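Peer 1: Structure incoming, see below.
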Amino acid sequence: MAGDSKIVEANRDTYNDGRLKVFDLASMKRHNKFMAEYMLCFSSKNQGDAIVDRNLKINATEDVDPDTPIEDVSTNWDKSSSKLLDFACGAGNMTKYLSPFAKNVVGVDISPAMAKAYKERTGHEGYACNIVEESNPAIGNDFDFIVCTMSYHHIEDLGLVTKKLSEKLKSGGWLYVMDMDSTNPNSTMGQLMKTAAAQKHDNHSHSHSHSHSHDHAHSHDHGHGHSHGGGGDSLEEAAEKIGVAHAHGISPEGMVKMFENAGLTNVAVDRGIQVQVWTPVEEMRALTNAAEDETFDLFEKDDKGRCDLTFAMLLAAGMKP
2 MAGDSKIVEA NRDTYNDGRL KVFDLASMKR HNKFMAEYML CFSSKNQGDA
52 IVDRNLKINA TEDVDPDTPI EDVSTNWDKS SSKLLDFACG AGNMTKYLSP
102 FAKNVVGVDI SPAMAKAYKE RTGHEGYACN IVEESNPAIG NDFDFIVCTM
152 SYHHIEDLGL VTKKLSEKLK SGGWLYVMDM DSTNPNSTMG QLMKTAAAQK
202 HDNHSHSHSH SHSHDHAHSH DHGHGHSHGG GGDSLEEAAE KIGVAHAHGI
252 SPEGMVKMFE NAGLTNVAVD RGIQVQVWTP VEEMRALTNA AEDETFDLFE
302 KDDKGRCDLT FAMLLAAGMK P
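Dropping the structure here:
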């Protein structure tokens, strides 16, 4: 679309039909279910401080079964009346976990491929829309809950998007955002981003070359892992190639400020949420499009050869008065 930034274009390019396989990975489903459970159970009623360190460490591989139903839910959710917007919905994994607790559900994604897959996979209406530039009355503006999981770090103008989402809440409605905590160093997501960006660079280069030269391949990015093509990029440069605007995530303090500036009240942030997913190499290949197992040499591995994929996360919540 006219006027779209490089980040927006990179997101549409990255999240195409070929990306759908990622949403079927067991490791991603475990992470998705954990986030769904956390949001469904969350309540800020007894939270005295705006920011609370939960010091929570979860081994999702052992402790989260992606296929069992969720039972522990806050009374905020009412399956007979709650209206939910899944923002940056992807192919609908989060909606599948949350929809049993809402009456009406809508998905919005910047990628037409994701919006189409969302509708096909969940049975709920999905819209391809850049809410910063477009207004789609069909989406509505009377939601009880808007959720956005692991997508805020893809968004350039977080303040503006937060305001736009706030406008779509009904009075008393809640915005929940779960994403990477930039103040928590215990994450391996940075290395995953660099690997994915390097593979995208390789694939793009090869598609425009008849000789398929590998002169640049197998370069070593010391301190950041073995990568291919573009391995010398900084984390920020690598992240931009795959549509990530905030490679390190967002700070708890930044979340509080954004939510309050958007007119939300009862703002609360849970930090210190560490989710570890021991991810088989074949799933790591699917996440990054890497062809060679040695790409993941610098990821810690368990005795089964699975890679340590750790998400250092926060949850931000705010209510529309």
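Position one of the sequence shown corresponds to residue 2 (this note's numbering), numbered consecutively onward.
Don't be surprised by glycine CBs; every beta carbon is placed ideally from N, CA and C.
Since this is a predicted model, take the numbers as computed values, not measurements.
1. Output the distance between the C-alpha atoms of ARG31 and THR280, rounded to the nearest integer angstrom.
2. So LYS242 is in the alpha helix (DSSP H); what residue range does that whole segment cover?
3. With distances taken from CA atoms, which of LEU193, VAL162, SER28 is nearest ALA89?
4. Per the DSSP calculation, ILE59 is bridged to which residue(s)?
5. Counting beta carbon pairs with one atom in the segment 125-138 and one in the segment 61-69, are three or more of them shorter than 8 Å?
6. Should CYS308 go down as buried or exposed, given a rule of 16 or more other Cβ atoms within 10 Å for buried?
7. Check whether the Cβ of GLY124 lies closer than 9 Å to any Cβ atom in chain B.
8. For the alpha helix (DSSP H) containing ILE8, list its first residue and its last residue.
9. Have a look at SER6 and LEU86 and give me their C-alpha separation to the nearest angstrom.
10. So which of LEU176, TYR119, PHE260, PRO113 has the shortest CA-CA distance to PHE43?
11. Taking all protein chains shown into account, do 16 or more other C-beta atoms lie within 10 angstroms of the C-beta of LYS242, making it buried, or fewer, making it exposed?
12. Between the alpha carbons of ASP303 and ALA198, how many angstroms are there, rounded?
13. Could you spell out the range, first to last residue, of the beta strand (DSSP E) harbouring PHE144?
14. Note the first and the last residue of the continuous alpha helix (DSSP H) segment covering ASN187.
15. When we look at the beta-carbon of PRO101 and count the other beta-carbons within 10 Å, is it buried (16 or more) or exposed?
16. Exposed or buried, ASP145, counting other C-beta atoms within 10 Å across all chains shown (16 or more means buried)?
17. In chain order, which beta strand (DSSP E) runs of at least 3 residues are fully inside the segment 261-313?
18. Return the bridge partner residues of ALA1 from the DSSP annotation.
19. Given a threshold of 16 other Cβ atoms within 10 Å of its Cβ, counted over all protein chains shown, does LEU310 qualify as buried or as exposed?
20. Using CA coordinates, which residue listed in ALA248, PRO322, VAL278, VAL53 is at the minimum distance from GLY264?
21. Using only the alpha-carbon positions, how far apart do VAL107 and THR96 sit?
22. At which residues does the beta strand (DSSP E) containing GLY173 begin and terminate?
Peer 2: A quick look at the data gives this:
1. Taking the sequence shown and counting its residues from 1, one reaches residue 31 at position 30. Taking the sequence shown and counting its residues from 1, one reaches residue 280 at position 279. Roughly 10 Å separates the two Cα atoms.
2. Your numbering for residue 242 matches position 241 in the sequence shown. LYS242 -> alpha helix (DSSP H) spans 236-242.
3. In the sequence shown, the residue the question calls residue 89 occupies position 88. It is VAL162 whose Cα lies nearest to the Cα of ALA89.
4. Position 58 of the sequence shown, counting from 1, holds the residue named residue 59. According to DSSP, ILE59 bridges with VAL276.
5. no
6. Residue numbering aside, residue 308 sits at position 307 when the sequence shown is read from its first letter. By the neighbour-count criterion, in which a residue is buried when 16 or more other Cβ atoms sit within 10 angstroms of its Cβ, CYS308 is buried.
7. Reference to chain B is not applicable here, since this structure consists of a single protein chain.
8. Within the sequence shown, the letter at position 7 stands for residue 8. Note, ILE8: alpha helix (DSSP H), 7-15.
9. Numbered from 1 along the sequence shown, position 5 holds the residue referred to as residue 6. Numbered from 1 along the sequence shown, position 85 holds the residue referred to as residue 86. Going from the Cα of SER6 to the Cα of LEU86 covers about 24 Å.
10. Working through the sequence shown from its first residue, we reach residue 43 at position 42. Of the listed residues, the one whose Cα sits closest to PHE43 is LEU176.
11. Locating residue 242 in the sequence shown gives position 241, counting from the first residue. Under this definition LYS242 is a buried residue.
12. As a first step, residue 303 must be located in the sequence shown, where it is residue number 302. As a first step, residue 198 must be located in the sequence shown, where it is residue number 197. Near 25 Å, if we compare the C-alpha coordinates of ALA198 and ASP303.
13. Counting from one through the sequence shown, the residue named residue 144 turns up at place 143. Start and end: 144-150.
14. Along the sequence shown, one-based indexing puts residue 187 at 186. Run containing ASN187: none; DSSP gives neither H nor E here.
15. To locate residue 101, count along the sequence shown from 1; it is residue 100. With fewer than 16 Cβ atoms within 10 Å of its Cβ, PRO101 is classed as exposed.
16. Along the sequence shown, one-based indexing puts residue 145 at 144. By the 10 Å Cβ count, ASP145 comes out buried.
17. With a minimum length of 3 residues, the continuous beta strand (DSSP E) runs that stay inside the segment 261-313 are 266-280.
18. The question about residue 1 has no answer, for the chain in this structure spans 2 to 322.
19. Position 309 of the sequence shown holds residue 310. Residue burial annotation: LEU310 is buried, with at least 16 other C-beta atoms found within 10 angstroms of its C-beta.
20. By 1-based counting over the sequence shown, the position of residue 264 is 263. When only C-alpha atoms are compared, the closest one is PRO322.
21. Walking along the sequence shown from the start, residue 107 turns up at place 106. Walking along the sequence shown from the start, residue 96 turns up at place 95. Their backbone Cα atoms lie some 9 Å apart in a straight line.
22. Stepping through the sequence shown from its first residue, residue 173 is reached at position 172. 170-181 is the span of the beta strand (DSSP E), which, as asked, contains GLY173.
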